[in-house]
Amino acid sequence: MAAFERMLLTRKHIMINDRYNLIRKIGGGSFGDIFLAIYVNDGEEVAVKIESIKARHPQLLYESRVYKMLQGGIGIPHIRWYGYEKDHNILVMDLLGPSLEDLFNFCSRQFTIKTVLMLADQMLGRVEFIHCKCFIHRDIKPDNFLMGIGRHCNKLYMIDFGLAKKYRDLRTRTHITYREDKNLTDDVVPSFSSLGGVSRVGFLPGNDPTHAHYNQLPREPRKNGNLVLFQRLTISHTGPRPPATITLFLPKE
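For what it's worth, UniProt numbering labels the leading residue of the sequence shown as 1, then goes sequentially.
So this is what it looks like as structure tokens:
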């Protein structure tokens, strides 16, 4: 059990930055825990991400800096505060709703074609934005796309930038040199194949793009009516910006 989780069992109030009252743990993973908190000035609920300074690969400070560079983008959570308290790194940000993985499970792991396309449009927009900011996410999965809440309930947000890396120099617009001797937790750019943005899209039936050879994904509809998102979701395009269009092969209804 994490230190702040233990403290919540014995204390009525745990204040963060003298502004945020920690309520309960709502999530966690290998890189820290996430808590629900209330902003004492107006009662607004926020999310608080907490990481021990003894973590094997501390990431929260770096993640806060990436968020700062991405602030203002559509579907990028607003960062309220970052700091250090009680031997922990702490990031306070907007509270968001369920992840796409949560919603997918709630819908018995089946979305309609309309839902898939509406989500894909927003997902591609978020990825395009961070690429235009010269970053690649490197951990794209349904768990890292969250819906908003309240008046933003139809907006999709992208989170967890602890593994994100800059792939291009913002000033010169040239690609940063690839180094083969590093892994995901090292502060370098991953293999060039990652720059193509290949990722699993768990909502779509059909072949996993990572199982195909470069530039050899099917360009014709399969007889079983599979949906293939081409161009933006494959490594066939490696230009500085994502292509302007996507090619959809949809089953006839």
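Ideal Cβ placement from N, Cα and C applies to all residues, glycine included.
Could you check which residue in the options has the C-alpha nearest to that of residue i?
i: residue 84; options: 155, 158, 61; result: 61
i: residue 115; options: 75, 97, 154; result: 154
i: residue 98; options: 75, 149, 56; result: 149
i: residue 39; options: 165, 80, 74; result: 80
i: residue 6; options: 35, 20, 17; result: 35
i: residue 37; options: 23, 104, 65; result: 23
i: residue 135; options: 9, 10, 43, 66; result: 66
i: residue 166; options: 93, 106, 63, 112; result: 63
Taking its Cβ as the centre, do 16 or more other Cβ atoms sit within 10 Å of residue i, making it buried, or is it exposed?
i: residue 50; result: buried
i: residue 41; result: exposed
i: residue 119; result: buried
i: residue 89; result: buried
i: residue 45; result: exposed
i: residue 146; result: buried
i: residue 74; result: exposed
i: residue 59; result: buried
i: residue 163; result: buried
i: residue 70; result: buried
If you draw a straight line from the alpha carbon of residue i to that of residue j, how long is it in whole angstroms?
i: residue 78; j: residue 52; result: 22 Å
i: residue 229; j: residue 117; result: Low confidence applies here, because residue 229 scores a pLDDT of 39, under 50, leaving its location unreliable and the question unanswered by this model.
i: residue 178; j: residue 122; result: 29 Å
i: residue 109; j: residue 101; result: 9 Å
i: residue 127; j: residue 137; result: 8 Å
i: residue 175; j: residue 169; result: 6 Å
i: residue 18; j: residue 91; result: 14 Å
i: residue 48; j: residue 173; result: 34 Å
i: residue 131; j: residue 20; result: 33 Å
i: residue 125; j: residue 25; result: 30 Å
i: residue 43; j: residue 10; result: 23 Å
i: residue 171; j: residue 93; result: 29 Å
i: residue 82; j: residue 28; result: 18 Å
i: residue 112; j: residue 129; result: 26 Å
i: residue 152; j: residue 107; result: 21 Å
i: residue 224; j: residue 133; result: Caution is warranted here: a pLDDT of 40 is assigned to residue 224, below 50, making its placement in the model unreliable, and the coordinate value is therefore given only provisionally. Between residue 224 and residue 133, the C-alpha separation is close to 39 Å.
Keeping to the same chain, check which residues put their C-beta closer than 8 Å to that of residue i; ignore five residues upstream and five downstream.
i: residue 87; result: 3, 52, 53, 54
i: residue 96; result: 47, 77, 146, 147, 148, 149, 157, 159
i: residue 68; result: 79
Quick check on the DSSP output: the beta strand (DSSP E) that includes residue i runs from which residue to which?
i: residue 75; result: Note, residue 75: premise wrong, no beta strand (DSSP E); not H, not E.
i: residue 45; result: 45-52
i: residue 37; result: 32-39
i: residue 159; result: Element bounds for residue 159: n/a, residue is neither H nor E.
i: residue 79; result: 79-85
i: residue 146; result: 145-147
Apart from the five residues on each side of it in sequence, which residues of its chain come closer than 7 Å, Cβ to Cβ, to residue i?
i: residue 144; result: 158, 159, 160
i: residue 142; result: 99, 100, 101, 104, 202
i: residue 262; result: Outside the modelled stretch of the chain, which goes from 1 to 253, sits residue 262, for which no answer is possible.
From which residue to which residue does the alpha helix (DSSP H) around residue i run?
i: residue 88; result: Element bounds for residue 88: not the alpha helix (DSSP H) but the beta strand (DSSP E), 88-94.
i: residue 106; result: 100-106
i: residue 129; result: 113-132
i: residue 10; result: 3-10
Can you find a heavy atom of the ligand SAM that lies under 6 Å from the Cβ of residue i?
i: residue 139; result: For the structure depicted, the ligand SAM is absent and the ligand set is empty, with no information on it obtainable.
Leaving out five residues on either side along the sequence, give the residues of the same chain with a beta carbon under 6 Å from the beta carbon of residue i.
i: residue 14; result: 7, 22
i: residue 72; result: none
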